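What follows is one structure encoded as structure tokens, with my remarks underneath.
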Amino acid sequence: MNGTNGNNTDNERGLLPYPVILAATKGDPDAMKIVLQHYRSYISYLSMRKIRDENGNIYYGIDEDLQERLQAKLMLAVLNFTAD
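If you're matching positions, the sequence shown starts at 1 in this note's numbering and goes up one per residue.
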């Protein structure tokens, strides 16, 4: 027994399971959804921008256009990935 109580150690390190990656590269929509969900917080972080409202107040918010573009780039990269 390695002390993990049957848990997958890859998930503890934040890695996607290989079968999910392989299915996503073949265009499986459910697997692609798992990949997008896995990277959702990172994409949101990358999409944060300073936004100024009509009163001149500055706050941080998510640039939704940039977020969608990053998601599209990720999907394209997954579909072009070759697992050798």
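Just so you know, even glycine gets a beta-carbon here, dropped at the ideal spot from N, CA and C.
Remember, it's a predicted structure, so these values are computed and weren't measured experimentally.
For residue i, does the three-state DSSP call read helix, strand or coil?
{"i": "threonine 4", "result": "Reliability fails at threonine 4, whose pLDDT of 42 lies under 50, so the model's placement of it is uncertain and the value that follows must be treated cautiously. Threonine 4 falls in the coil class under three-state DSSP."}
{"i": "tyrosine 39", "result": "coil"}
{"i": "lysine 33", "result": "helix"}
{"i": "alanine 23", "result": "helix"}
Ignore the nearest five residues each way along the sequence and tell me which others in residue i's own chain have a CB closer than 7 Å to its CB.
{"i": "glutamine 71", "result": "Leu36 and Ile43"}
{"i": "histidine 38", "result": "Leu16"}
With 16 as the cutoff for other CB atoms within 10 Å, does residue i come out buried or exposed?
{"i": "alanine 83", "result": "exposed"}
{"i": "methionine 48", "result": "exposed"}
{"i": "alanine 77", "result": "exposed"}
In the DSSP assignment, find the beta strand (DSSP E) that holds residue i and state where it starts and stops.
{"i": "lysine 73", "result": "Looking at the DSSP string, lysine 73 is not in any beta strand (DSSP E); the run it does join, the alpha helix (DSSP H), is 64-80."}
Taking 6 Å as the limit between beta carbons, can you name the residues of its chain near residue i, skipping five residues before and five after?
{"i": "methionine 1", "result": "Interpretation of methionine 1 is limited by its pLDDT of 34, a score under 50 that renders its predicted location unreliable; no figure is taken from the coordinates."}
Would you list the one or two residues that DSSP bridges to residue i?
{"i": "isoleucine 51", "result": "Tyr59"}
Give me, in chain order, the residues of the same chain whose beta-carbon lies closer than 8 Å to that of residue i; leave out the 5 immediate sequence neighbours on both sides.
{"i": "aspartate 53", "result": "Tyr59"}
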